[in-house]
Each structure stands twice: as structure tokens, then as C-alpha cells.
Amino acid sequence: MARLTFLLLLLWVGVAVSTVVDLQKRIIRGHRCDRYFHVRFQMTSPNGNYALCGGSLISERWILTAAHCLLPGRTIFAFLGVGDAAQRVQITANPVIYTNNNRQHDLMLLQLPPNLNLNPNIQPIALPNCGNQPRHDRHHTVEIAGHGAIVADWNNYNERRPRVVPDLHCADIPVVDCTNYRHHLQTNFPNFYQNKNYQHWFCGQSPTVDACHGDSGGGVVYNGQIYGVFSFSGDNQFACAQPAAFMNLCHPEYNAWITRILTTG
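Going by the numbering used here, 139 is the number at position 12 of the sequence shown; the sequence numbering is gapless.
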């Protein structure tokens, strides 16, 4: 029962994994784009239902995504590339999730099968230059991406029709200070906040664009480099009401972990 309560809380606060039998919400008011490093994940259950997530190819063998995209008992398929030409690959290697002091963080690396003949257009995105990371006090803007241009209505209410659109859509979102958002979570969702507070994330918010269910794990890009992984958003009902939270790849813990896996794996 405790696990069920926690899962329900995650759905309410806005953790961004999506299934076809759940609310599928993706980039709000975005535009069609081509990200050849972007990966669309489909986690398929034995009865045919599946969850939708995003990810980023960061080397020839490794894909970076959000750890909460991993669902027990699901077969993981990765679609690499753009549109109908995307290559479908089953992930068979064990996922690698970042864990510190027996606590999981919302970052996961998935390894592609060896000797995979990828389309030459599919190229990894560069890892971040952490001496030049996006900051809210410098009014920087980052790019987020997901599959499906879901619009909000006149009342900014998120559309609830379950559908998957093959075209990738991107949107630019300003980096904002997370302080008020942290207070909001601590006050209104203390259990969720306790799980997220020890993790390292930065925030983005715009009155016109947002990311929601189905966008989990997608890369947050600045100057052609990946600086974050979309983890969760703060309002499960209304678009743009709270910031989106991105795992901060420039935190020394995460940066060292990714470098170690890519070097030794």
C-alpha cells in the first residue's frame, strides 16, 4: 500500500513517464525539430500496453535517460533517429542507475547491443562544458524535446487524449531559480520532496511552453551540448503552472559517474 501511495503521488506531482492507458502529455506549444541524438523509448508490457519516454545518445554505445522510466516486467525498445526512418532496437543489457548512499537518483544509462549498424546520421550529442553551464541569473534558455505537440486549451488545461505522434517537437524554455519551487514541493508534497531534495536538478519555466508526461528522460540542450535530463514537472493538471525539473549533469557526482561508465563500459 505504501508503494501504491507513492506511485499515485508521483503521478499527481507530475513525474513525466506516460502510458497509453494514462495521461499522455508532451511538449506544450513546441515546434517540429530533428534531433538525431534523440531516442524514443517504448517500454512494452506482456499485454501490449507501453510507456513512453525520451533519451539521448551520448556515445556510440550508451543512451542517457531518467531512471524512473524503467518499469519492472517491461521490454525496452529504443527508436533511434527521426520519424519513420527511426531504427528500432531492443535493449537487452542491464540498466545502470546512479546510486549514492543506497539512494537512487533519476539518471539511467542504457547500453546498445554491440556491432549495431546505425544510420550515419545518428550521432551522439556532446557532453556538457560545465564551465559554461546555463544559469538563471544570466537569463539563459535551454531546449527541451518530446514526441507530440500537445496544446493546452484556453484555460491552460492539459489535453488528456492518449496519442503518440511520431514527429519530434522541441521548445525553448528559460532557466529559472528553483527556490520557490522547492518550497512549493516541500509544503504541498513533503514525501515527494524528501525523495527529490537529495538529488541535483535545475529548473526551467515559461508562460507559453512546458513539458509533461511522456517527455521523461529527454535531453536538455544548451549550445549544442546536453546539460540536463528531464525528470519531473510540478503541476499534473495545468500547463506552465510550475517549473520543470532537469537533472543537472554538471553536478560533480553525475558528471564523474557518466564519464566513468563511458570510459570503462
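By construction, the Cβ of each residue, glycine as well, lies at the ideal position given by its N, Cα and C atoms.
A straight-line Cα-Cα distance of about 21 Å links Phe164 and Arg387. The straight-line gap separating the alpha-carbon atoms of Leu184 and Ile353 is approximately 10 Å. Secondary structure of Gly258 (DSSP, three-state): helix. Looking from the CA of Gly355, the closest CA among His296, Gln260 and Thr391 belongs to Gln260. In terms of Cβ geometry, Gly273 and Gly210 do not form a close pair [threshold 7 Å].
By the C-beta density criterion, Arg265 is exposed, having fewer than 16 other C-beta atoms within 10 angstroms. In the three-state scheme derived from DSSP, where H, G and I count as helix and E and B as strand, Thr219 is classed as coil.
Between Leu207 and Ile271 a beta carbon distance of about 19 Å is seen, past the 8 Å cut, so the two are scored as non-contacting. Ranked by Cα distance from Ala178, the options Gly200, Glu187, Val223 and Ile190 are led by Gly200. Sixteen is the threshold: when 16 or more other Cβ atoms of the shown chains lie within 10 Å of the Cβ of Pro370, as they do, the residue is buried. Assignment of His266 by DSSP, reduced to helix, strand and coil, places it in the coil class.
When Phe316, Ala213 and Arg188 are compared, the shortest CA-CA separation from Asn242 is found for Arg188. Counted as a single uninterrupted DSSP element, the alpha helix (DSSP H) harbouring Phe319 occupies residues Pro317 to Asn324. Counting only residues of its own chain and dropping the five nearest sequence neighbours on each side, Phe329 has a CB closer than 6 Å to the CB of Phe373 and Asn375. Per DSSP, the continuous alpha helix (DSSP H) segment holding Pro379 begins and ends at Pro379 to Thr391. Between Thr335 and Asp299, the C-beta gap is not smaller than 7 Å, which leaves the two residues out of contact.
Only residues of its own chain outside the window of five on either side were considered, and among them Tyr225, His232, Leu234, His327, Met374 and Asn375 have a CB closer than 8 Å to the CB of Tyr381, listed in chain order. For the set Ser343, Ser360 and Phe204, the Cα lying nearest the Cα of Arg309 is the one of Ser360. The alpha-carbon separation between Ile252 and Gly351 amounts to approximately 7 Å. Note: Asn307 is not bridge-paired with any residue in the DSSP secondary-structure output.
A Cβ-Cβ distance of about 6 Å is found for the pair Pro301 and Gly331, placing them in contact under the 8 Å criterion. Exposure of Thr391 is indicated by the presence of fewer than 16 other C-beta atoms within 10 angstroms of its C-beta.
For Ile353, the enclosing beta strand (DSSP E) has its first and last residue at Gln352 to Ser360.
When only Cα atoms are considered, Ser333 and Gln313 end up about 22 Å apart.
As DSSP reads the structure, Gly182 sits in a beta bridge with Val166. When rounded, the separation of the alpha-carbon atoms in Gly175 and Phe168 is 15 Å.
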